[in-house]
Amino acid sequence: PYKCDVCDAAFAKCCNLVVHKRIHTGEKPYICVVCGVGFAYRNGLEVHKRTHTEEKA
């Protein structure tokens with residue numbers, strides 16, 4: 009397994025470790041083109057995008 013050198017997390021795939029390390033580094037490669045907010049995970053950006061397109065109550 010691929011082990012995180014900062015915490016006890018371990019992953020079967022290297023790519024999952026790379027994504028996990030963003031927790032420790034603060035890296036946020038997914039940037040909203042509308043407002044500039046950054047996200048560590050693509051899913052976080054996808055959820056956020058809806059705040060710009062959905063009608064406000």
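So the mapping is simple: the working numbering equals the position in the sequence shown, first residue as 1, plus 8. Positions of the beta carbon are idealized from the N, C-alpha and C atoms, including for glycine.
{"Check": "So H60 and F47 are supposed to be a Cβ contact under 8 Å. How far apart are they, rounded?", "Outcome": "About 14 Å separates the two Cβ atoms, so there is no contact after all."}
{"Check": "DSSP three-state call for G44: helix, strand or coil?", "Outcome": "coil"}
{"Check": "I'd like to know whether the C-beta atoms of L53 and Y38 end up nearer to each other than 8 Å.", "Outcome": "yes"}
{"Check": "What did DSSP end up calling K21 once you bin it into helix, strand or coil?", "Outcome": "coil"}
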